[in-house]
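Since the structure comes first, as structure tokens, the remarks are kept for the end.
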Amino acid sequence: MQSIQQMIETVLNDVQPVVLAMVFQVKGSAYRKEGTWMLIQEDGARIGVISGGCLENDLHNRAIEMFNTGKVEIVHYDLSAEDDLGWGRGAGCNGVVSVFVRDIDNDFRHFLTLMHKQFLAMEPVLFIQSISEFDNYAFLNESKNYLDHWQGEIPFELDAFTPFQNKVGQKSKNDEDEMIYFQLIWPRPALYIIGAGVDARPLARLAVNVGYAVHLLDSRSALCNEIHFPTAVSFQVDDTEKLIDNISLSPLDSVVIMTHDFQLDAKLMHRLRDHQLLYLGILGSKKRTERLLGEEIPNWIHSPIGLSIGADGPEEIAVSIVAELIAVRRGGIS
């Protein structure tokens with residue numbers, strides 16, 4: 001499932017007509033939360049989901065009537081019905097989902113281009129959209145500059161936020177009747193996997209599936225390549241110590257060490273421990289990590305890596321690591 005950042009890239013790289021469906025309000029419970037995006041393309045492709053399959057067909061039918069029109073509409077779906085006549089067909093979600101549906105015209109496509117440039121610079125943006133004045137939309141960056149089709153004062157500021165924390169909601173504009181939807185959108189998270197062995201392959205695949213941009217680092221070109229990691233963003237083949245020194249790691253980045261080489265891991269940890277990272281994990285037991293560090297494991301290093309789910313084998317271990325990555329990114333654990 002593509003992230004919002006990947007959806008924006010899809011829009012910018014494909015000129016065919018496309019409609020954006022965006023959940024801006026949920027009352028009660030629902031399958032997806034506020035801030036969920038979905039694209040519907042003219043060729044029939046759907047990118048992303050906003051429900052468990054209850055609403056997508058109706059949205060697709062609406063999109064067919066909207067392609068190349070520049071139209072925008074709001075649709076409210078009541079999923080609380082307990083019979084087969086409701087949208088949930090008896091699923092009992094007990095929620096009302098409000099969806100903002102927009103044909104992406106040239107103006108909004110240009111707006112997404114500007115937003116995409118912010119993501120490439122690894123900067124979050126605060127996207128805002130008037131719920132009543134459909135042509136009123138804008139985004140703020142960390143410098144509190146904005147690029148927009150907005151008229152009047154913007155009632156928001158983008159303060160410092162915890163990396164990747166969600167911030168979605170609505171507020172009134174200067175206590176007026178106009179409601180403003182806002183959504184803090186972060187750049188696509190980067191995951192650097194050091195070690196391109198067989199056990200790294202399912203990790204890379206699963207991480208991409210949940211929105212990570214995966215980068216592989218290894219000294220072995222026969223392993224570190226597109227054949228074994230078809231969904232990775234980049235491959236860096238050289239002495240891994242040199243590679244680490246040449247990467248500009250940021251507090252938004254995650255690193256997983258899985259070289260299976262004790263001496264190399266010790267050197268890598270020495271280079272990485274001074275970097276402020278969102279996540280740093282190393283494969284192996286707690287005792288092994290303590291030996292290579294020469295001390296107790298600091299609480300910001302994840303070892304043993306992954307959530308404790310009794311995982312066995314590369315696929316299950318990859319699941320546990322990705323689960324921990326998500327938990328850290330969402331603020332569930334530190």
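Numbering-wise (UniProt numbering), the sequence shown opens with residue 1 and increments by one. Glycine included, each C-beta is placed from N, C-alpha and C at the ideal position.
Own chain partners of residue i with C-beta closer than 8 angstroms, once the 5 adjacent residues on each side are dropped
{"i": "V208", "result": "V214, T231 and A232"}
{"i": "D239", "result": "S219"}
{"i": "R201", "result": "H228, F229 and P314"}
{"i": "D14", "result": "Q41"}
{"i": "G48", "result": "M1, Q2, M7, T36, W37, M38 and L39"}
{"i": "P251", "result": "P163, Q276, L277 and L278"}
Nearest-angstrom beta carbon gap, residue j and residue i [assumed within contact, 8 angstroms]
{"i": "G169", "j": "F182", "result": "6 angstroms"}
{"i": "L59", "j": "A21", "result": "5 angstroms"}
{"i": "S98", "j": "F24", "result": "6 angstroms"}
{"i": "V256", "j": "L203", "result": "7 angstroms"}
{"i": "G211", "j": "S3", "result": "4 angstroms"}
{"i": "S132", "j": "M179", "result": "7 angstroms"}
{"i": "F156", "j": "I128", "result": "6 angstroms"}
{"i": "L12", "j": "T113", "result": "6 angstroms"}
{"i": "V72", "j": "F134", "result": "4 angstroms"}
{"i": "D253", "j": "R271", "result": "At roughly 14 angstroms, the Cβ-Cβ gap does not stay under 8 angstroms, so D253 and R271 are not in contact."}
Cβ-based burial, residue i [other Cβ within 10 Å; buried from 16]
{"i": "A45", "result": "exposed"}
{"i": "H302", "result": "buried"}
{"i": "F139", "result": "buried"}
{"i": "D265", "result": "buried"}
{"i": "N136", "result": "buried"}
{"i": "L283", "result": "buried"}
{"i": "Q263", "result": "exposed"}
{"i": "A63", "result": "buried"}
{"i": "S234", "result": "exposed"}
{"i": "D43", "result": "exposed"}
Beta-carbon gap between residue i and residue j smaller than 7 angstroms
{"i": "L243", "j": "L217", "result": "yes"}
{"i": "P163", "j": "L277", "result": "no"}
{"i": "E324", "j": "G306", "result": "yes"}
{"i": "P17", "j": "N68", "result": "yes"}
{"i": "M269", "j": "P187", "result": "no"}
{"i": "G95", "j": "G28", "result": "yes"}
{"i": "K287", "j": "P304", "result": "no"}
{"i": "A118", "j": "N145", "result": "The sequence shown places Gln at residue 118, rather than the Ala named in the question. No, Cβ-Cβ distance for Q118 and N145 is not below 7 angstroms."}
{"i": "F100", "j": "I74", "result": "yes"}
Own chain, CB closer than 7 angstroms to residue i, minus 5 neighbours either side, in chain order
{"i": "M115", "result": "I8, V125 and F139"}
{"i": "E296", "result": "E290"}
Cutoff 6 angstroms; reference residue i; Cβ partners in own chain excluding five residues on either side
{"i": "A318", "result": "P202, L203 and L206"}
{"i": "N70", "result": "Rather than Asn, the amino acid found at residue 70 in this sequence is Gly. Cβ within range, chain order: D103 and D105."}
{"i": "L147", "result": "L114"}
{"i": "D78", "result": "V96"}
(Q) Could you tell me which whole beta strand (DSSP E) segments of length 3 or greater appear in the segment 38-109? (A) 72-78 and 95-103
Q) Where in the UniProt domain "XdhC Rossmann" (191-325) do unbroken runs of the alpha helix (DSSP H), each at least 4 residues long, occur, reported from the N-terminal end onward? A) 200-209, 240-245, 262-272 and 286-293
Q.
Report the start-end ranges of each beta strand (DSSP E) in the segment 116-195 that is 3 residues or longer and not cut off at the edges.
A. 125-130, 137-140, 146-148, 168-172, 179-185 and 190-194
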